[in-house]
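**Q** Numbering-wise, numbering that gives the first Met the number 0 puts 64 at position 65 of the sequence shown, and it's gapless, one number per residue.
Where is the CB? At the ideal position from N, CA and C, for every residue including glycine.
These numbers were taken from a predicted model, which means no experiment stands behind them.
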Amino acid sequence: MWVYTYKFDQDGYLYKFKARLVVRGDLQAEWGDTYAATLAARVFRGLIALAAAFDLLMFQYDALNAFLNARVNRKLFCYTPEGFAKQYGELLLIRRALYGLKEAPLLWYAELQKTLKKLGLKAVPGVPCLFANNNLIVFFYVDDIVVLVHPSKTSYKEEFEKRLLQIYDLRILGELSWFLGIRVIRDRPSKSIWLIQDSFINKVASKFNLTSDKGYPDFPIKENVLPPSTEEPNSKRTKIYQQLVGSLAYIATFTRPDVARAHSVLARHLANPGQKHLYAAIHCWRYLIGKRNLALKASGTQNEKDLFVIPVENADKYTDTVEPIFYGASDAAYADEPDTRRSSEGYLFKLYGLSVDWKAAIQKTVTKSTTEAELLALSRAGGEMKWWNRLFREIRFNPDIVSKIWCDNQQTVGIVTKAEEKLQTKLKHVDIHQLWLRQEVEAGRIHVDWKPTAYMPADGLTKVLPRQKHAQFIKQLGLEDVSDRLITTIKDINNESLLEIHD
Numbered sequence: 000m001w002v003y004t005y006k007f008d009q010d011g012y013l014y015k016f017k018a019r020l021v022v023r024g025d026l027q028a029e030w031g032d033t034y035a036a037t038l039a040a041r042v043f044r045g046l047i048a049l050a051a052a053f054d055l056l057m058f059q060y061d062a063l064n065a066f067l068n069a070r071v072n073r074k075l076f077c078y079t080p081e082g083f084a085k086q087y088g089e090l091l092l093i094r095r096a097l098y099g100l101k102e103a104p105l106l107w108y109a110e111l112q113k114t115l116k117k118l119g120l121k122a123v124p125g126v127p128c129l130f131a132n133n134n135l136i137v138f139f140y141v142d143d144i145v146v147l148v149h150p151s152k153t154s155y156k157e158e159f160e161k162r163l164l165q166i167y168d169l170r171i172l173g174e175l176s177w178f179l180g181i182r183v184i185r186d187r188p189s190k191s192i193w194l195i196q197d198s199f200i201n202k203v204a205s206k207f208n209l210t211s212d213k214g215y216p217d218f219p220i221k222e223n224v225l226p227p228s229t230e231e232p233n234s235k236r237t238k239i240y241q242q243l244v245g246s247l248a249y250i251a252t253f254t255r256p257d258v259a260r261a262h263s264v265l266a267r268h269l270a271n272p273g274q275k276h277l278y279a280a281i282h283c284w285r286y287l288i289g290k291r292n293l294a295l296k297a298s299g300t301q302n303e304k305d306l307f308v309i310p311v312e313n314a315d316k317y318t319d320t321v322e323p324i325f326y327g328a329s330d331a332a333y334a335d336e337p338d339t340r341r342s343s344e345g346y347l348f349k350l351y352g353l354s355v356d357w358k359a360a361i362q363k364t365v366t367k368s369t370t371e372a373e374l375l376a377l378s379r380a381g382g383e384m385k386w387w388n389r390l391f392r393e394i395r396f397n398p399d400i401v402s403k404i405w406c407d408n409q410q411t412v413g414i415v416t417k418a419e420e421k422l423q424t425k426l427k428h429v430d431i432h433q434l435w436l437r438q439e440v441e442a443g444r445i446h447v448d449w450k451p452t453a454y455m456p457a458d459g460l461t462k463v464l465p466r467q468k469h470a471q472f473i474k475q476l477g478l479e480d481v482s483d484r485l486i487t488t489i490k491d492i493n494n495e496s497l498l499e500i501h502d
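1) Quick one: give me the first and last residue of the alpha helix (DSSP H) that residue 387 is part of.
2) Pull up the distance between the alpha-carbon of residue 292 and that of residue 458, whole angstroms please.
3) Might you give, ordered along the chain, the residues of its own chain that have their beta carbon closer than 7 Å to the beta carbon of residue 251, omitting 5 neighbours on each side?
4) Using C-beta distances below 8 Å, list every residue in its chain close to residue 409, excluding the 5 sequence neighbours before and after it, in chain order.
5) Mind reading off the beta-carbon distance from residue 271 to residue 232? Whole number of angstroms is fine, and I expect it under 8 Å.
6) What residues in its chain sit with their C-beta under 6 Å from that of residue 127, if we drop five residues either side in the sequence?
7) I need the DSSP call for residue 7, collapsed to helix, strand or coil.
8) Report the three-state DSSP secondary structure of residue 71 (helix, strand or coil).
9) Straight-line CA distance for residue 315 to residue 454?
10) Contact defined as beta carbons within less than 8 Å: I believe residue 264 pairs with residue 200. What is the distance between those atoms, to the nearest angstrom?
11) So does the segment 432–439 actually touch the segment 183–196, counting three or more Cβ pairs closer than 8 Å?
12) In the DSSP assignment, the alpha helix (DSSP H) including residue 268 goes from what residue to what residue?
13) Is residue 24 helix, strand or coil when you go by DSSP?
14) So what's residue 330 in DSSP terms, helix, strand or just coil?
15) Using the three-state DSSP reduction, which class does residue 357 fall into: helix, strand or coil?
16) Short of 6 Å in beta carbon distance, which residues of its chain neighbour residue 99, apart from the five on each side in sequence? Order them along the chain.
17) To the nearest angstrom, how far is the alpha carbon of residue 40 from that of residue 214?
18) Could you tell me whether the Cβ atoms of residue 404 and residue 447 are closer together than 7 Å?
19) For residue 471, name the three-state secondary structure that DSSP assigns.
20) Should residue 483 be labelled buried (16 or more other beta-carbon atoms within 10 Å of its own) or exposed?
21) Quick check on residue 240: does DSSP put it in helix, strand or coil?
22) Roughly how many angstroms lie between the CA atoms of residue 88 and residue 73, to the nearest whole one?
23) Cα separation between residue 441 and residue 38?
24) For residue 503, which of 469, 333, 407 and 387 has the nearest alpha-carbon?
25) What span of residues does the beta strand (DSSP E) with residue 148 cover, start to end?
26) Does the beta-carbon of residue 68 have 16 or more other beta-carbons within 10 angstroms, so that it is buried, or is it exposed?
27) Buried or exposed for residue 343, going by 16 or more other Cβ atoms inside 10 Å?
28) By DSSP, does residue 220 sit in helix, in strand, or in coil?
29) How would you call residue 476, buried or exposed, if buried means at least 16 neighbouring beta carbons within 10 angstroms?
30) Taking the alpha carbon of residue 65 as the reference point, which residue from 168, 341, 284 and 153 has its own alpha carbon closest?
31) Can you tell me whether DSSP reads residue 111 as helix, strand or coil?
32) Can you find the residues in the same chain that come closer than 6 Å, C-beta to C-beta, to residue 8, ignoring five residues on each side of it along the sequence?
33) State yes or no: is the C-beta of residue 194 within less than 7 Å of the C-beta of residue 50?
34) Could you give the C-beta distance for residue 354 and residue 406, rounded to a whole number, given that I count them as a contact under 8 Å?
35) Do you know how far the Cα of residue 27 is from the Cα of residue 462?
36) Would you grab the beta carbon distance between residue 146 and residue 135 for me? Rounded to a whole angstrom, and I think it's under 8 Å.
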């Protein structure tokens, strides 16, 4: 069948009419593995942080009709499209991975992997869609391909591009400015990069008519817990709620950790949301609309000798005079889920000032004390720290630093750092987390530091914060208002579009 669609640019302007021949994968019989891995959001942010710090150039390519480059590895047939039956008969043998085939994404993924290996890159173990060698880092999301290279090694990028163009039909997009609906703003002289999803927020605001001239809320959610609905199910309300919360997941996953806690609370009521839940989802989106110009910022340094420290403004006795280039923070809110008495937990990791990894969730088990809840959260963050260190080794980023995790519970810190302290518990799973953390700390692979709650950047991932503390939380996350830069960027994009029209 033919599918007709419109293609829009990053600011919502129509730039292409598109027709594509697709097959009905929904009518296809189940057969084998069809899952194709995609690039993790945290990997994308981590690479952006390194690009800012090391002044790496970022070039983007779009593989045109990407799936059609892959061959089908079994016999498949489809009905001939309307208008072609007389010339080709009633059935066609499918030789290429047509769009719509269940296995098409997986076939393209395998094809691109094979090509990148042929061009001298190695897959980073355990990290899908990321390849590297001594000169280039390449990552991709389906048909969007990005190459990172140091300015002194652009000849390797040019050779890679030349060889890739011999294999695939590519659209060369130049320096990275738009990826997966994320606007990428860069200021190379200051070694800064901002990530923002203003266009997507505007799109949702328009779709659900959420704009207002009466102002917007200063925090994303009013309550720590929303009780289940006792109202009769309403299919229309449920559909709208699911769309709002689903769109919120996209924002909370990629560029806005300030709404991660709100999304965690709202996502618990997708099956049967009440009117109160819908109002809470709308409230969160109105908060985002009011703060649509906040962007995550990565900051390098002007001096290479200072590449592994970032000065902290207004430092005091509770903060370091420099922010570690890479560190984590973990927090828990004990037994705050009233129905199950499970605890909320959250962690945050920052690299060169950029929040690269975060999570707000409910713990899977009930704990018997605040210390146990904090211990489980800290163990989860420790596991993430180990993952990041493995990634750094694989891409040859090896700063000579201690892997720090901050915790605001002194007893928990003492349990994992002091030989004479140990949590006495009959809960086997808690004891395992405790012993693993002590092992990692004693081996010097993880360093746990205490920080007061006021300076804990993960605090807003576990609870609703008052207005003033939420404003501080936004700063701790590295979110910055880029209204002025946004206006300049959009003007530049529009000028480029006008030049293309005249050409």
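**A** Looking at the atomic coordinates:
1) For residue 387, the enclosing alpha helix (DSSP H) has its first and last residue at 369–393.
2) Take the alpha-carbon of residue 292 and the one of residue 458: they are about 23 Å apart.
3) Taking C-beta separations shorter than 7 Å and ignoring five residues to either side along the sequence, the partners of residue 251 in its chain run 258, 259 and 262, following chain order.
4) Cβ neighbours of residue 409 within its own chain (closer than 8 Å, five residues either side excluded): 449.
5) Their Cβ separation, rounded to whole angstroms, is 5 Å, which keeps residue 271 and residue 232 in contact under 8 Å.
6) The residues 36, in chain order, have a CB closer than 6 Å to that of residue 127 in the same chain once the five nearest residues on each side in sequence are set aside.
7) Strand, per DSSP.
8) Here residue 71 carries a coil assignment [DSSP, helix/strand/coil].
9) Low confidence applies to residue 315: its pLDDT is 46, below 50, so where it sits in the model is not reliable enough to give any reading.
10) Beta-carbon to beta-carbon, residue 264 and residue 200 are separated by about 20 Å, too far to satisfy the 8 Å threshold.
11) These segments do not touch.
12) Careful: residue 268 lies outside any alpha helix (DSSP H) and carries neither H nor E.
13) Helix, per DSSP.
14) If DSSP states are grouped into helix, strand and coil, residue 330 belongs with the strands.
15) Residue 357: strand per DSSP, three-state reduction.
16) Taken in chain order, the residues that qualify are 21, 22 and 24.
17) If you draw a straight line from the Cα of residue 40 to the Cα of residue 214, it comes to about 31 Å.
18) Yes, Cβ-Cβ distance for residue 404 and residue 447 is below 7 Å.
19) Looking at residue 471 - three-state DSSP - the assignment turns out to be helix.
20) Taking every protein chain shown into account, the CB of residue 483 has fewer than 16 other CB atoms within 10 angstroms, so this residue is exposed.
21) Helix, per DSSP.
22) Cα to Cα, the separation comes out at about 21 Å.
23) A straight line joining the alpha-carbon of residue 441 with that of residue 38 spans about 34 Å.
24) The question about residue 503 has no answer, for the chain in this structure spans 0 to 502.
25) From DSSP, the beta strand (DSSP E) with residue 148 extends over 143–148.
26) Flag for residue 68 reads buried.
27) Classification of residue 343: buried, given that the 10 Å Cβ count is 16 or more.
28) Three-state result, residue 220: coil.
29) Residue burial is scored here from C-beta neighbours: residue 476 has at least 16 other C-beta atoms within 10 angstroms and is therefore classed as buried.
30) Ranking 168, 341, 284 and 153 by Cα distance to residue 65 puts 168 first.
31) In the three-state reduction of the DSSP assignment, residue 111 falls in the helix class, which pools H, G and I.
32) Residues 14 of the same chain have their beta carbon placed closer than 6 Å to that of residue 8, with the five preceding and five following residues left out of the count.
33) Between residue 194 and residue 50, the gap from beta carbon to beta carbon reaches 7 Å or more.
34) Between residue 406 and residue 354 the Cβ distance is about 18 Å, and since that is not below 8 Å, they are no contact.
35) Their Cα atoms are separated by approximately 46 Å.
36) Residue 146 to residue 135, Cβ: 6 Å. Contact.
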